[in-house]
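Numbering (our numbering), first residue to last: 2 to 491.
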Ligand SMILES: Cc1ncc(C[n+]2csc(CCOP(=O)(O)OP(=O)(O)O)c2C)c(N)n1
């Protein structure tokens with residue numbers, strides 16, 4: 002069995018759990034440590050420092066250079082001898098490879114990961130090893146493309162980039178991540194209890210904007226979401242107001258500590274779930290389509306979703322005034338709607354914003370889906386229906402009063418969410434209606450119970466029925482039958 006892991010992945014507890022297991026049970030295995038000194042940002046922490054010490058060790062460097070020269074002159078056999086000697090050197094120096102040796106992995110390397118003949122020979126040799134081995138290879142992030150070498154962080158994602166310059170086209174509109182980073186910086190200027198935690202994603206989450214202003218209150222814990230949440234909980238017990246900025250999909254790894262360490266202890270940790278909703282081209286590993294379902298059942302967690310960037314800032318302000326845990330989910334990409342006001346304002350907890358009153362149908366557009374709800378309301382108004390438009394703001398506590406008020410007068414409720422329908426916002430509305438004993442048809446627009454492939458957001462929404470047209474198709478028969486009934490009564 003061969004496992005390839007990046008040096009960034011070695012900051013993850015799961016990697017160490019696996020090594021613990023290898024030591025216990027595994028007879029033959031090759032672990033390739035692909036070390037480029039980068040996660041998405043620069044790799045952080047003790048493990049990164051340890052690898053760096055191994056790599057910059059003078060004796061190793063000499064041996065590596067010699068191996069490369071020998072490969073060029075005589076082929077693989079000689080190089081393999083060098084790899085072996087590097088291992089002996091490691092042992093004789095005691096420290097460099099001791100970490101892996103203690104886990105029962107025989108250490109080889111570090112060797113040049115761009116030298117294919119050397120790699121081939123090394124694997125031929127290691128394949129016959131009778132105990133688990135680790136081959137440490139050194140690679141360069143972005144090798145072969147100058148813009149990527151110049152801007153290592155920028156090229157981790159998918160782009161699109163200009164292939165010549167490496168620049169991405171800017172829309173000029175701020176992203177949710179930027180609004181988050183800037184707002185947090187401003188709020189932290191005034192409240193020294195605020196601290197920010199990222200799990201190896203300073204760039205993506207916008208915390209790179211916070212870092213220079215509050216370097217001592219910024220923490221990158223590596224690819225370790227579970228620890229990030231526990232670390233936040235720990236700081237909250239000491240009077241800090243920690244913010245964990247983690248993509249919705251990666252927060253899944255923090256579920257247990259969210260339950261036990263944060264919510265059970267009622268600690269005021271703010272979970273900011275970036276990339277909540279479909280992440281488009283990044284595909285199923287990155288779609289943030291489950292967070293409402295996995296968080297909604299946890300007692301005491303206040304859950305928010307802003308309809309635009311301004312509301313995100315207001316929700317952050319609100320969260321810092323709460324005595325307990327809270328979460329905010331917001332999507333990838335540019336923020337829609339209003340410009341952010343200079344001073345964020347706290348909003349009423351558990352209160353939806355009724356944007357337009359109406360009596361035939363009530364449309365709830367959660368977060369990023371608010372514009373679709375708006376579009377549907379406008380199209381129904383054009384057809385002569387009276388459509389109420391509501392920005393729910395809170396997934397928990399749900400504004401049951403507003404839901405009930407509309408449910409008693411309309412022919413149908415529509416819920417829009419960028420989340421799986423199962424266990425999502427629409428489900429919460431249906432549960433609430435059931436508990437209140439109010440009966441009204443609910444058209445739920447969201448993602449189906451399956452993993453969604455990668456693709457353009459608009460195309461995928463069209464394919465899976467997250468559109469105004471699909472909502473109308475389900476809704477119009479309900480509205481028409483109510484019209485008939487009303488006419489018959491008259
Ligand atoms: C659980 C989780 N957290 C964060 C990420 C985001 N992420 C994608 S790649 C990456 C860096 C990986 O670094 P490394 O393991 O060194 O591999 P490299 O890309 O440098 O080869 C990160 C943090 C992720 N994919 N999964």
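Think of the CB as a built atom: it goes at the ideal place given N, C-alpha and C, for glycine as much as any other residue.
If you're wondering where the values come from, they're calculated on a predicted model, not measured in any experiment.
- Comparing C-alpha distances from residue 463 to each of 482, 477, 419 and 366 shows the shortest one belongs to 419.
- Among the bridge pairs identified by DSSP, residue 219 is matched with 197.
- In the three-state scheme derived from DSSP, where H, G and I count as helix and E and B as strand, residue 168 is classed as coil.
- A distance below 8 Å between beta-carbons, with the five flanking residues on each side excluded, links residue 240 to the following residues of its chain, in chain order: 194.
- Secondary structure note for residue 333: it is in no beta strand (DSSP E), with a DSSP letter that is neither H nor E.
- Residue 116 has its CB no nearer than 8 Å to any heavy atom of ligand 1.
- Looking at the DSSP output, residue 327 sits in a beta bridge with 271 and 303.
- If you check the CB distance, residue 303 and residue 325 come in under 9 Å.
- Taking the Cβ of residue 220 as the reference point, every heavy atom of ligand 1 lies at 8 Å or farther away.
- In this structure, 375 is the residue among 404, 403, 401 and 375 with its C-alpha nearest to the C-alpha of residue 390.
- Assignment of residue 241 by DSSP, reduced to helix, strand and coil, places it in the coil class.
- Linking residue 261 to residue 206 through their CA atoms gives a straight-line distance of about 25 Å.
- When distances are taken from the beta-carbon of residue 416 to the heavy atoms of ligand 1, even the shortest one reaches 8 Å or more.
- Under the three-state reduction of DSSP output, residue 312 falls in the helix class.
- Residue environment analysis places residue 3 among the exposed positions, since fewer than 16 neighbouring C-beta atoms fall within 10 angstroms of its C-beta.
- In this structure, the straight-line span from the alpha carbon of residue 422 to that of residue 221 is close to 33 Å.
- If you check the C-beta of residue 40 against ligand 1, you find a heavy atom less than 8 Å away.
- The beta carbon of residue 257 is closer than 8 Å to those of 227 in its chain, skipping five residues each way along the sequence.
- Secondary structure remark: continuous beta strand (DSSP E) runs of at least 3 residues inside the stretch 374-432, in chain order: 388-392, 395-397 and 413-421.
- In summary, residue 230 is buried, with 16 or more beta-carbon neighbours lying within 10 Å of its beta-carbon over all protein chains present.
- If you check the CB distance, residue 247 and residue 255 come in under 9 Å.
- Proximity of the stretch 270-277 to the stretch 347-367 falls short of the contact definition, fewer than three beta-carbon pairs being nearer than 8 Å.
- Contact check between the stretch 333-348 and the stretch 305-312: three or more CB pairs, one atom from each, fall below 8 Å, which counts as touching.
- The bridge partners DSSP lists for residue 109 are 136.
- Cβ-Cβ separation between residue 453 and residue 434: approximately 27 Å, too far for a contact (criterion under 8 Å).
- For residue 355, the pairing in a beta bridge is given by DSSP as 391.
- Residues 391 of the same chain have their beta carbon placed closer than 6 Å to that of residue 355, with the five preceding and five following residues left out of the count.
- Residue environment for residue 134: buried (at least 16 other C-beta atoms within 10 angstroms of its C-beta).
- DSSP, read as helix, strand or coil, puts residue 465 in coil.
- Linking residue 371 to residue 466 through their CA atoms gives a straight-line distance of about 16 Å.
- Residue 380 sits away from residue 360, with the two beta carbons spaced by 9 Å or more.
- Rounded to whole angstroms, the gap between the alpha carbons of residue 488 and residue 410 is 16 Å.
- Placement of the Cβ of residue 248 at a distance of less than 8 Å from at least one heavy atom of ligand 1 is found.
- Distance from the CA atom of residue 285 to the CA atom of residue 294, rounded to whole angstroms, is 17 Å.
- Straight through space, the alpha carbons of residue 270 and residue 263 are spaced by roughly 7 Å.
- With fewer than 16 other CB atoms across the displayed protein chains lying within 10 angstroms of its CB, residue 457 is exposed.
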